[in-house]
Amino acid sequence: MNSLIGQQLQGGKYTLDEELGRGGFGITFKATHHFLGHTVVIKTLNESLRYEPDYADYQRKFQDEARRLALCVHPNIVRISDFFVESGQAYMVMDYIPGPNLEAVVFPEKPLPEAIAIHYIRQIGSALKVVHQNGLLHRDIKPQNIILRQGTQEVVLIDFGIAREFTPGSTQTHTSLISTGYAPIEQYLSQEKRTPATDVYGLAATLYALLTARVPTASILRDRQPLPDPRELRPELSASTNQAVIRGMAVDVHYRPASIDEWLALLPSSAATGSAPIPPLFQPPVESTQTAATLAVGRRSSGEPSPARAVRARSATVAGQPPTNAVASPRSSTRHTLPILLGLMLLTMIGTALVAIFSKPQPASQTALAPSTPSPSVSPSIAVASKPLPPKPSPKPETPKVEQSPSPSPSPSVQPESTSDRASTEVPTIPGFPVGTSERDIEAALGKPTQTNKGAWGDTRTALYDVAPNAVTLAYLYDRTSGNVRQTEASFAQSVDTLQMKVALNNMTGGQANDLLDKLEAVKQRKANEYSFTKGNLRGVIQRNSSDRIYIGVWDADLHN
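Residue numbers (my numbering): 83 to 643.
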């Protein structure tokens with residue numbers, strides 16, 4: 083599809099300038115609208131789908147998506163301006179939004195002030211209400227899909243690539259494409275009741291990330307890896323914001339707010355966070371007792387005049403008076419200042435005498451108790467902490483960590499968390515990619531493979547990833563012509579948690595693993611050694627191999643013929 087770069091469309095109306103992103107279903111390009119002189123974004127279907135027997139159906143769904151999205155008119159939703167089919171390929175034209183996405187703004191280690199994060203979330207919440215009113219679910223709310231429009235405090239929701247229609251109260255079949263950490267547990271299943279609560283979870287999880295600069299624990303893993311409350315990571319956050327995030331991210335959909343309005347009502351107002359209605363994020367300092375930094379963290383001025391204000395007040399006092407008045411009235415000046423000076427001298431003499439009389443050396447134990455304000459020095463008992471935490475009103479003793487069973491070390495691509503926040507034995511979600519995934523997408527997620535070889539079947543080649551040494555290995559068989567996966571494999575040590583394997587299996591089958599999860603459990607529990615299956619045009623196997631590892635393989639049904 084890179085061959086499209088530089089190509090003109092619609093008789094020279096558009097030129098594709100550069101590729102912006104690529105997924106399993108769509109590719110987006112930055113393009114030029116020559117008639118208007120505008121930069122736009124043009125999205126089209128992934129070239130790999132052209133070889134699918136259902137390609138015409140994909141084209142129809144792509145057009146239906148564009149038509150439905152065009153109905154979602156809102157200032158915080160990217161606007162569709164055109165749609166056309168050329169040379170058998172469908173194209174969707176959207177506005178180009180200059181500016182970073184919120185993932186780039188926040189990660190790593192740059193959490194937003196509470197008021198600013200809520201300001202952005204309210205905008206996206208307002209946009210989602212329009213989406214839901216048009217019978218759609220976005221299903222992929224995350225910081226990466228929210229653009230901060232350059233030079234403004236306005237955010238825009240993008241990427242409706244996996245948006246789907248929903249009928250309230252009915253069970254529907256949807257693809258189970260997910261963004262780990264932001265998808266609710268029901269999105270891992272291909273057949274489930276679809277409600278706006280799915281997007282409520284994604285919006286609450288996005289707020290969690292904006293406030294903590296951490297990707298939330300995947301919903302499917304939270305029974306073994308508890309999700310820390312936002313206030314555990316940032317104690318200065320308000321209780322109402324903390325509660326809103328927890329409610330919005332309830333694993334059981336029945337305990338989650340049923341609508342965006344219901345969830346937004348849990349968030350504090352701007353006044354409650356002590357900040358301006360539109361908080362300044364990158365505004366330069368202002369000459370005021372309530373500076374931009376003060377507003378950003380929600381603190382109030384102490385009421386004491388700043389030096390700048392004192393200068394302005396003094397200047398105002400003498401404004402309009404002849405310059406000589408400031409120095410040519412020694413009589414009036416002396417009349418007021420002489421008694422003040424005499425009084426100050428008398429107080430100084432008295433204070434000196436009192437100090438001489440009463441000041442005596444104090445025992446060390448009493449001196450240690452004397453200060454009434456916190457000392458800037460660090461107590462030896464907490465000096466070994468990985469990073470100082472903000473002071474809490476009532477310190478509580480640290481809860482001992484519960485030892486967990488051994489588990490594989492994290493993927494090299496995942497940043498290790500501080501041991502003061504999480505147990506060191508926690509395992510990140512193991513990715514699983516379905517047949518048809520492009521090599522580019524896999525390398526974007528996993529990096530370069532540990533090793534590559536020539537494939538044993540047809541014109542193929544293999545790529546192997548040692549994701550967690552001695553614990554998890556992933557492998558892919560690529561078609562040399564298309565660069566897409568024809569066989570996807572995973573090998574797990576017995577010590578890897580079953581949930582991790584189930585997540586990978588569900589992803590490897592494209593969300594069709596509902597009836598396979600029990601089979602995987604049986605192999606894991608040594609109740610069976612192997613189970614073979616067929617899913618449409620896919621075949622696969624779950625087995626315990628000769629190295630006592632759990633092996634999962636999924637491939638094109640005609641690959642080994």
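Ideal Cβ placement from N, Cα and C applies to all residues, glycine included.
Excluding the 5 residues flanking Ser-261 on each side, which residues of the same chain have their C-beta closer than 7 Å to its C-beta? The residues are Asp-222 and Lys-224.
Express the C-alpha separation of Gln-89 and Ser-252 in angstroms, rounding to a whole number. Annotation note: pLDDT 41 at Ser-252 (below 50); position unreliable, coordinate value reported separately. Ser-252 and Gln-89 have their C-alpha atoms spaced approximately 44 Å apart.
Among Arg-338, Leu-293, Val-333 and Ala-300, which one has its Cα closest to the Cα of Asn-324? For Asn-324, the closest of Arg-338, Leu-293, Val-333 and Ala-300 by C-alpha to C-alpha distance is Leu-293.
Ser-564 beta carbon less than 9 Å from that of Glu-129: Between Glu-129 and Ser-564, the C-beta spacing is below 9 Å.
Met-590, enclosing alpha helix (DSSP H) - first and last residue: Its alpha helix (DSSP H) spans residues 580 to 590.
Which of helix, strand or coil DSSP assigns to Leu-219: Leu-219 falls in the strand class under three-state DSSP.
Applying the 10 Å Cβ sphere with the 16-neighbour rule, what's the burial state of Phe-574? Phe-574 is buried by the Cβ-count criterion.
Should Glu-612 go down as buried or exposed, given a rule of 16 or more other Cβ atoms within 10 Å for buried? Exposed, because fewer than 16 other Cβ atoms sit within 10 Å of the Cβ of Glu-612.
For Arg-296, count neighbouring C-beta atoms within 10 Å of its own C-beta (all shown protein chains included) and say buried if the count is 16 or more, exposed if not. Buried is the call here.
In three-state terms, what does DSSP make of Trp-539? In this structure, Trp-539 counts as coil in the three-state DSSP scheme.
Less than 8 Å between the CB atoms is what I'm expecting for Phe-111 and Leu-98, so what's the real figure, rounded? The beta-carbon distance between Phe-111 and Leu-98, rounded to whole angstroms, is 4 Å. This is short enough to meet the 8 Å contact definition.
Do the stretch 320 to 337 and the stretch 204 to 214 touch if we need at least three Cβ pairs shorter than 8 Å? No, the stretch 320 to 337 is not in contact with the stretch 204 to 214.
Give the straight-line distance between the Cα atoms of Asp-281 and Leu-348, rounded to the nearest whole angstrom. CA-to-CA, the gap between Asp-281 and Leu-348 works out to about 16 Å.
Compare the beta carbon distance of Leu-184 and Val-237 with 9 Å and say whether it is the shorter of the two. Judged by their CB atoms, Leu-184 and Val-237 are nearer to each other than the 9 Å cut-off.
Using the beta-carbon count (16 or more within 10 Å), is Ser-629 buried or exposed? Burial call: exposed.
Look at the Cβ atom of Ala-572, then the Cβ atom of Val-554, and state whether they are nearer than 9 Å. In this structure, Ala-572 sits near Val-554, with a CB-CB distance shorter than 9 Å.
Find the nearest neighbour of Gly-217 within the set Asp-177, Glu-147 and His-642, judged by alpha-carbon distance. Distance from the Cα of Gly-217 is smallest, within the candidate group Asp-177, Glu-147 and His-642, for Glu-147.
Quick check on DSSP: helix, strand or coil for Glu-318? It is coil, neither helix nor strand.
State the Cα-Cα distance for the pair Pro-190 and Ala-152, rounded to the nearest angstrom. One C-alpha to the other measures close to 34 Å.
Could you check the C-alpha separation between Asp-638 and Leu-620 for me, to the nearest Å? The alpha-carbon atoms of Asp-638 and Leu-620 are separated by roughly 5 Å.
Mapping the DSSP letters down to three states, classify Ile-524 as helix, strand or coil. Ile-524: helix per DSSP, three-state reduction.
Given 8 Å as the limit, is there contact between the stretch 586 to 606 and the stretch 534 to 546, that is, 3 or more CB pairs closer than that? Between the stretch 586 to 606 and the stretch 534 to 546, the count of Cβ pairs shorter than 8 Å is below three; the stretches do not touch.
Distance check for Leu-641 and Gln-607, CA to CA, integer angstroms please. Between Gln-607 and Leu-641, the C-alpha separation is close to 30 Å.
Could you work out which residue in Arg-568, Ala-286 and Ser-351 is closest to Ala-332 when comparing CA atoms only? The shortest C-alpha separation from Ala-332 is found at Ala-286.
Would you decide whether Pro-195 is buried or exposed? Buried here means 16 or more other CB atoms lie within 10 Å of its CB. That one is buried.
Is it buried or exposed for Gly-514, if we count other Cβ within 10 angstroms and need 16 for buried? By the Cβ-count criterion, Gly-514 is buried, with 16 or more other Cβ atoms from all chains shown falling within 10 Å of its own Cβ.
By the three-class DSSP mapping on this structure, what secondary structure does Arg-304 have? The three-state secondary structure of Arg-304, taken from DSSP, is coil.
Rounded Cβ spacing between Tyr-264 and Thr-288 (contact assumed at less than 8 Å): With 8 Å as the limit, Tyr-264 and Thr-288 qualify as a contact, their Cβ atoms being about 6 Å apart.
In the DSSP assignment, the alpha helix (DSSP H) including Phe-107 goes from what residue to what residue? Here Phe-107 belongs to no alpha helix (DSSP H), and DSSP marks it neither H nor E.
Leu-559, enclosing beta strand (DSSP E) - first and last residue: Here the beta strand (DSSP E) through Leu-559 covers 554 to 561.
In terms of alpha-carbon separation, which member of Phe-615, Glu-318, Gln-92 and Phe-165 lies closest to Ala-197? Measuring from the Cα of Ala-197, the nearest candidate turns out to be Glu-318.
Which residues DSSP lists as bridging Trp-345, in chain order: Paired residue(s): none; Trp-345 is not in a bridge.
Does Ser-208 come out as helix, strand or coil in the three-state DSSP assignment? If DSSP states are grouped into helix, strand and coil, Ser-208 belongs with the helices.
In the DSSP assignment, what residue or residues form a beta bridge with Leu-285? DSSP output for Leu-285 lists no bridge partner at all.
Do you know offhand how far Asn-535's Cα is from Thr-519's? If I take the Cα positions, the gap works out to 19 Å.
Taking just the CA atoms, how far does Ile-228 sit from Ser-476? Note on Ser-476: pLDDT 40, under 50, position unreliable in the model; no value is reported.
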